[in-house]
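J.:
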């Protein structure tokens, strides 16, 4: 998650069991002259079609939560309740559908896309991780999907046209209303996807395209909703450009927006997001005046997918069990790799602190590579692992990417410049470190933040700006990923070992593993 996308909002608050009691799908019939829309939304599911522990999901529950069968039960109950009350349901997703679990990764997305299709999604935004295995795989999944994948701002570089496997928008007839659903994908995609510069795709500025698409739909729709994978800051720009849009179903930044964002400040347009991992589903109720098309927000909330509260759909549970039993590689992931004596949070005490999970990633890399120091991108650490046994499947959840361990030669001055870019948000994802301890101040020069190093030690000694250090990192960062171009350089050595395997071996050597919660880059006031 990029620091640039952080906005003032309530983040990752634990939801109490009181909130688990699911309200009816729609209360009462539509008011005279009004059409009631119930918008159910997910985002950044990242292959989370199986339940996971409440601790891993960061929910207050006494059972495993989330997964496709619980979501299916909730959605079908909502549709039944809405039909009985004369309301209408749309099911939308903000992208990053399949990448991040063994169930998604080992099937190249097939199983997750099939599961989504069985639920009858009305539209899904194209996420950047849909392109992790290249355009051909994304196109294959899009053609197989039983729902439209939307991205109005994506063009083929060679032709300037929207790829044939994508759609800019769809128009749904809902209760007599013509509802345009427009998709947007983050313009950052080329630099946050491995090989993004070779996709042959151009990503146009999101808000400008949103305005153009809304204008094109003006005569054929009664209202326009956006389904985006861009983050709240860009979603707010979309709402500013498109006054007739009452709702943006967003994704990309994994935020649990317990209260919808109201960037216009006049309760005419809202941004919603439902976290990540398929453990929460959003429920928005809108009343639309059939004549004026004015929209009123009746309710917006996040519903924890706790089976005892929302149920488990037996048909979907059986579908998953049958599919999973046929994949030998998934059964092997039940093996326990090690034990954690405490949880491994992926964020420190504040967004600028280094984190226990980041320390683990970086320490494991430095040790395995016999390096002076190590750097890891926080965006590559996908979940917080709870205390207790860690299975091979857990390791896949925390590190789903096929990144390898790499050693990069860096002068001390370059190392300081790279970390300064991290601390001033020039890099997209904050960096975690090993073998480095430093103290710094942030000052403003010409209106821009700048790092002043008070102390900077590498391998237990003050940094030598001219000395070349062996710095361990991953192949994504070594390729210039997340905007760290300084890490892409001659002399890089790829050790050919998956970072996930490096973590596994480190756990085995340090069993049980006790996380390091100390801040390694200390900010002074």
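Residue numbers (the working numbering): 21 to 545. Idealized CB from N, CA, C, for every residue including glycine. Quantities reported herein were computed from a predicted structural model and do not represent experimental measurements.
With a CB to CB cut of under 8 angstroms and the five nearest residues on each side skipped, what residues in its chain are close to residue 191?
T.: Working through the chain shown from its first residue, we reach residue 191 at position 171. 198, 199, 200, 201, 237, 240, 241, listed in sequence order.
J.: I need the straight-line Cα distance from residue 122 to residue 396, nearest angstrom please.
T.: In the chain shown, the residue the question calls residue 122 occupies position 102. In the chain shown, the residue the question calls residue 396 occupies position 376. Roughly 22 angstroms separates the two Cα atoms.
J.: Contact check, residue 116 vs residue 64 under 8 angstroms by CB: the rounded distance?
T.: For the purposes of this step, residue 116 is taken as residue 96 along the chain shown, with counting starting at 1. For the purposes of this step, residue 64 is taken as residue 44 along the chain shown, with counting starting at 1. 5 angstroms between Cβ atoms; contact.
J.: Considering only residues of the stretch 265-304, which uninterrupted beta strand (DSSP E) runs meet the minimum length of 3 residues and lie entirely inside it, listed in chain order?
T.: Listed in chain order, the complete beta strand (DSSP E) runs (minimum 3 residues) inside the stretch 265-304 are 267-269, 290-292.
J.: In the DSSP assignment, find the alpha helix (DSSP H) that holds residue 4 and state where it starts and stops.
T.: Because the chain is modelled from 21 through 545, residue 4 falls outside the range shown and cannot be assessed.
J.: Taking 8 angstroms as the cut-off, does the stretch 128-144 touch the stretch 221-231 (at least 3 CB pairs, one atom from each stretch)?
T.: Because the criterion of three Cβ pairs below 8 angstroms is not met, the stretch 221-231 and the stretch 128-144 do not touch.
J.: Entirely within the stretch 93-129 and at least 4 residues each: give me those alpha helix (DSSP H) ranges in chain order.
T.: The qualifying runs are 122-125.
J.: Which residue wins for smallest C-alpha separation from residue 308, given the options 265, 271, 281, 277?
T.: Residue mapping note: residue 308 aligns to position 288 of the chain shown, counting from 1. Of the candidates 265, 271, 281, 277, the one whose C-alpha sits nearest the C-alpha of residue 308 is 265.
J.: In or out: residue 495 buried (at least 16 other Cβ within 10 Å) or exposed?
T.: For the purposes of this step, residue 495 is taken as the residue at position 475 of the chain shown. Burial call: buried.
J.: Going along the chain, which residues of its own chain have a beta-carbon closer than 7 angstroms to the beta-carbon of residue 472, five neighbours each way excluded?
T.: Indexing the chain shown from 1 puts residue 472 at position 452. Answer for residue 472: 460, 461, 463, listed in chain order.
J.: What are the residues that DSSP puts in a beta bridge with residue 492?
T.: Taking the first residue of the chain shown as position 1, residue 492 is located at position 472. Beta-bridge pairing links residue 492 to 394, 427.
J.: Determine the DSSP secondary structure at residue 229, reduced to helix, strand or coil.
T.: Residue mapping note: residue 229 aligns to position 209 of the chain shown, counting from 1. Helix, per DSSP.
J.: Kindly indicate which residue of 418, 433, 378 has the alpha-carbon position closest to the one of residue 450.
T.: Within the chain shown, residue 450 is the residue found at index 430, counting from 1. If we check each option's Cα against that of residue 450, 378 comes out closest.
J.: Can you list, in chain order, the residues of its chain whose CB lies under 6 angstroms from that of residue 361, leaving out five sequence neighbours each side?
T.: Reading the chain shown from its first residue, position 341 is the one you call residue 361. Once the five neighbours on either side are set aside, the close Cβ partners of residue 361 are 532, 534.
J.: When you compare each of 299, 477, 484, 406 to residue 94 by their alpha carbons, which one comes out closest?
T.: Working through the chain shown from its first residue, we reach residue 94 at position 74. When only C-alpha atoms are compared, the closest one is 299.
J.: Between residue 90 and residue 124, what straight-line distance do the alpha-carbon atoms span, to the nearest angstrom?
T.: Within the chain shown, residue 90 is the residue found at index 70, counting from 1. Within the chain shown, residue 124 is the residue found at index 104, counting from 1. If I take the Cα positions, the gap works out to 18 angstroms.
J.: What whole-angstrom Cβ distance do residue 392 and residue 490 have, given they're in contact under 8 angstroms?
T.: What you label residue 392 is simply residue 372 of the chain shown in a count that begins at 1. What you label residue 490 is simply residue 470 of the chain shown in a count that begins at 1. Rounded, the Cβ-Cβ distance is 5 angstroms, consistent with contact.
J.: Do you know how far the Cα of residue 166 is from the Cα of residue 311?
T.: For the purposes of this step, residue 311 is taken as residue 291 along the chain shown, with counting starting at 1. For the purposes of this step, residue 166 is taken as residue 146 along the chain shown, with counting starting at 1. Taking the straight line from one Cα to the other gives about 33 angstroms.
J.: Pick helix, strand or coil for residue 509, following the three-state DSSP scheme.
T.: Taking the chain shown and counting its residues from 1, the one referred to as residue 509 is at position 489. In this structure, residue 509 counts as coil in the three-state DSSP scheme.
J.: Starting from residue 442 and walking both ways along the beta strand (DSSP E), at which residues does that stretch end?
T.: Taking the first residue of the chain shown as 1, we reach residue 442 at position 422. Residue 442 -> not in any beta strand (DSSP E); alpha helix (DSSP H) instead, spanning 432-443.
J.: Does DSSP put residue 340 in a helix, in a strand, or in coil?
T.: Mapped onto the chain shown, residue 340 falls at position 320. In this structure, residue 340 counts as helix in the three-state DSSP scheme.
J.: Verify whether the separation of the beta carbon atoms of residue 428 and residue 498 is less than 7 angstroms.
T.: In the chain shown, counting from the first residue as 1, residue 428 sits at position 408. In the chain shown, counting from the first residue as 1, residue 498 sits at position 478. Their beta carbons are under 7 angstroms apart, which means residue 428 touches residue 498 by this criterion.
J.: Measuring only the C-alpha atoms, how far is residue 403 from residue 421?
T.: Position 383 of the chain shown, counting from 1, holds the residue named residue 403. Position 401 of the chain shown, counting from 1, holds the residue named residue 421. Spanning the two alpha carbons is a distance of roughly 13 angstroms.
J.: Using a Cβ-Cβ cutoff of less than 6 angstroms, which residues in the same chain neighbour residue 432 once the five nearest sequence positions on both sides are dropped?
T.: On the chain shown, position 412 is the one that residue 432 refers to. Only 483, 484, 485, 487 meet the Cβ criterion.
J.: Residue 416: buried (16+ other C-beta within 10 angstroms of its C-beta) or exposed?
T.: Numbered from 1 along the chain shown, position 396 holds the residue referred to as residue 416. Classification for residue 416: buried.
J.: Between 179, 73, 243, 207, which has its C-alpha nearest residue 407's C-alpha?
T.: Residue 407 sits at position 387 when you count from the first residue of the chain shown. Of the candidates 179, 73, 243, 207, the one whose C-alpha sits nearest the C-alpha of residue 407 is 73.
J.: Just mark residue 409 as buried or exposed, buried being the case when its beta carbon has 16 or more other beta carbons within 10 Å.
T.: Numbered from its first residue, the chain shown carries residue 409 at position 389. Answer is exposed; the Cβ neighbour count stays below 16.
J.: Quick one: what's got a C-beta closer than 8 angstroms to residue 280's C-beta in the same chain, skipping five residues either side?
T.: As a first step, residue 280 must be located in the chain shown, where it is residue number 260. Hits under 8 angstroms: 290, 291, 292, 304, 317, 320.
J.: Below 8 angstroms CB to CB, which residues in the same chain sit around residue 515 once its five sequence neighbours on both sides are set aside?
T.: Counted from its first residue, the chain shown places residue 515 at position 495. 388, 389, 424, 425, 426, 427, listed in sequence order.
J.: Taking residue 20 as the reference, give the member of 207, 220, 219 with the closest Cα.
T.: Residue 20 lies beyond the range of the chain shown here (21 to 545); nothing can be said about it.
J.: Any idea if residue 78 is buried or exposed, counting beta-carbon neighbours within 10 angstroms, 16 or more meaning buried?
T.: Indexing the chain shown from 1 puts residue 78 at position 58. The residue in question, residue 78, is buried, as its Cβ has 16 or more Cβ neighbours within 10 Å.
J.: If you count every other CB in all the chains shown that lies within 10 Å of the CB of residue 209, and 16 or more means buried, which is it?
T.: Position 189 of the chain shown, counted from the start, is the residue given in the question as residue 209. Buried is the call here.
J.: Roughly how many angstroms lie between the CA atoms of residue 180 and residue 229, to the nearest whole one?
T.: In the chain shown, counting from the first residue as 1, residue 180 sits at position 160. In the chain shown, counting from the first residue as 1, residue 229 sits at position 209. Their Cα atoms are separated by approximately 14 angstroms.
J.: In its own chain, which residues sit with a C-beta less than 8 angstroms from the C-beta of residue 511, not counting the 5 before and 5 after it?
T.: As a position in the chain shown, residue 511 is number 491, starting the count at 1. So the list reads 428, 429, once near-sequence residues are dropped.
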